[in-house]
Structure formats: C-alpha cells, structure tokens
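Just so we're on the same page, my numbering is the position in the sequence shown counted from 1, plus 571. Glycine included, each C-beta is placed from N, C-alpha and C at the ideal position. Structure first, then comments.
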Amino acid sequence: MLKPVLIIAFQLLLLSPFYRATAQNNPSGTDTIFGFDPVLYNGRQYTYKSPRNSTGHPFLFDDFQKGWINVKDRTYNDLDLNYDILNHVLLLKYIDHAGARVVLEISDSWLRTFAIGNSVFELRQQGGLRPVIYQFIESGDVKVQYHWQKELNLENVTSTPVYAYSKPKRNSRVNINGNEFTYEKNREFARAFKDDIQIKVRNYLKINKIKVNKSSDSAIRSLVNYCNTLLNP
Numbered sequence: 572m573l574k575p576v577l578i579i580a581f582q583l584l585l586l587s588p589f590y591r592a593t594a595q596n597n598p599s600g601t602d603t604i605f606g607f608d609p610v611l612y613n614g615r616q617y618t619y620k621s622p623r624n625s626t627g628h629p630f631l632f633d634d635f636q637k638g639w640i641n642v643k644d645r646t647y648n649d650l651d652l653n654y655d656i657l658n659h660v661l662l663l664k665y666i667d668h669a670g671a672r673v674v675l676e677i678s679d680s681w682l683r684t685f686a687i688g689n690s691v692f693e694l695r696q697q698g699g700l701r702p703v704i705y706q707f708i709e710s711g712d713v714k715v716q717y718h719w720q721k722e723l724n725l726e727n728v729t730s731t732p733v734y735a736y737s738k739p740k741r742n743s744r745v746n747i748n749g750n751e752f753t754y755e756k757n758r759e760f761a762r763a764f765k766d767d768i769q770i771k772v773r774n775y776l777k778i779n780k781i782k783v784n785k786s787s788d789s790a791i792r793s794l795v796n797y798c799n800t801l802l803n804p
C-alpha cells in the first residue's frame, strides 16, 4: 500500500514546476493549486490607520480601481488597486483563501510600473534610497511627470483634536529630450521649450484654456502630444 502512495507523491513533485509556471502566467496572479503567486503577492499587510476624528483619506483615488502591475517584467491585469500618497505605497486589495478581504502593500523591490484606471505610474531609482513613484504622461520626446502627496494636518478648531487630510498635491516636471524642468504655471511650462517653440505652446495653452497645474490628465495628454509634434514635425 505504501509503494503506490510514494509513486503518486513523486509524480506530483515532478509536475509541480509545471503547475507553478502555469499559475504565474495567470493575469490575476492567483493559483488555484498552490496558492497566490509570490511574485505578485510580495509585500506586507497594509496596517495604516487614520487618526480618530479625522476627515478625508490618504489615497489618490476615492476608492480602489481596476489596474495592472508590472513586477519582474511580468504584467498582472484586472487588479483592485489604490495609491496611498501620504505613505507612498501601492495597495492591492484581494480575497484570501479564507474569504477575507486583505489589503497588501506591494513591495517596491521588484515593482517597475503600474496603472490605476487610466493613470500610469513608474518607479524611479535614486541611489541607495527608496524609489520615488511618478505618474507620467508621455508622447515621443515629451514626458510630463507628477509626484503626488498629501498632508495630514491638525485642525485646532475645538478642544478635541481633529485631523484633516489635504487635497492631493502634485509636484510637476516636464522632460524634453532627456532634459528635465520643474514648473507650476503655464509660463514656466512653455519656457522649458526652445524659443521658436515657446510661442506656439503658449498659444495652444490659451486657445484650449489649459492650466497646467489644474487641468485633467486628458487635457495634459493632448498638450503633450501637441508639443511632441512641434519637436518632431
């Protein structure tokens, strides 16, 4: 009786690499045979708690949205994601084997790029320090980058401490042919380009009523596309 059991166990051991490879190609990162793909589900449980009597939240988006993650050159799609811009961590929400909802902080060790809804982000290495996450909107030789953040402020309006999260704030820069320029207003954005292009950029901003510090991603995407056509007519 023992011999057939050992043979079956040995056969399963031989097949296990095949099952793991199949599971890791699953775009959602789940493996119904061996559990969750460790390449994707690599991080720690999200434990940050907002202070009592606080208003707002630390996230860029009001709720989790569908998106994708690229980890170790593998792309996982159809994930529930959000971005904590107070603590600068990417969050993945999923249901574990016990049926409980879990929110995981995705490790930045292997993370390269990700998208939440229509917004795309990348990690930029900075020496031995922790990578910095930027949202980017790119067309050819022009690339706009945002570094998002929030603040948690104490509001001294009553005897009871009340905390409030600020609205999302972004530090903006534009990369033109590999050269980076920071900007806050339309004039600073236009000045990043050569003199013969600046007036065309200013006119485009004025005609389309674009404020580079406030306009939507779709408006900035159209602006970036236009600027790239000026560089590459």
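- Residue pairing by DSSP places R695 opposite V703 in a beta bridge.
- With a threshold of 16 other beta carbon atoms within 10 Å, S789 falls short and is exposed.
- Its chain contains N624 as the residues whose beta carbon lies nearer than 7 Å to that of T731, once the 5 sequence neighbours on both sides are disregarded; these appear in chain order.
- For the region 721-788, the continuous beta strand (DSSP E) assignments of 3+ residues that do not extend past its boundaries occur at 723-726, 733-736, 740-747 and 750-754, in sequence order.
- Judged by DSSP secondary structure, T646 falls within the beta strand (DSSP E) whose first and last residues are R645 to D655.
- Note on A763: 16 or more other CB atoms within 10 angstroms of its CB, so buried under the neighbour-count rule.
- N641 and T684 do touch by the CB rule: their CB atoms are close to 5 Å apart, below 8 Å.
- Residue pairing for W639: DSSP places it in a beta bridge opposite A686.
- In the DSSP assignment, W719 forms a beta bridge with R741.
- In this structure, K756 and P739 do not form a Cβ contact; the two beta carbons are roughly 18 Å apart against a cut-off of 8 Å.
- Following the DSSP letters along the chain, one finds V660 inside the beta strand (DSSP E) bounded by residues V660 to I666.
- Exposed is the label assigned to S680, since fewer than 16 other Cβ atoms lie within 10 Å of its Cβ.
- DSSP places R623 in the coil class of the three-state scheme, outside both helix and strand.
- Taking I768 as the centre and dropping the five residues before and after it, the same chain places the C-beta of L801 closer than 6 Å to its C-beta, in chain order.
- Classified as buried, D608 has 16 or more neighbouring CB atoms from the shown chains inside 10 Å of its CB.
- The bridge partners DSSP lists for R615 are E676.
- In the structure shown, V610 falls within a coil segment according to DSSP collapsed to helix, strand and coil.
- In terms of CA proximity to H628, I656 leads the group I666, I770, I656 and S710.
- Put simply, of R744, Y734 and S786 the residue whose alpha carbon is nearest the alpha carbon of H718 is R744.
- A straight-line Cα-Cα distance of about 31 Å links F632 and R773.
- In the same chain as H659, and ignoring 5 residues on each side of it, the C-beta atoms closer than 7 Å to its own belong to I704, in chain order.
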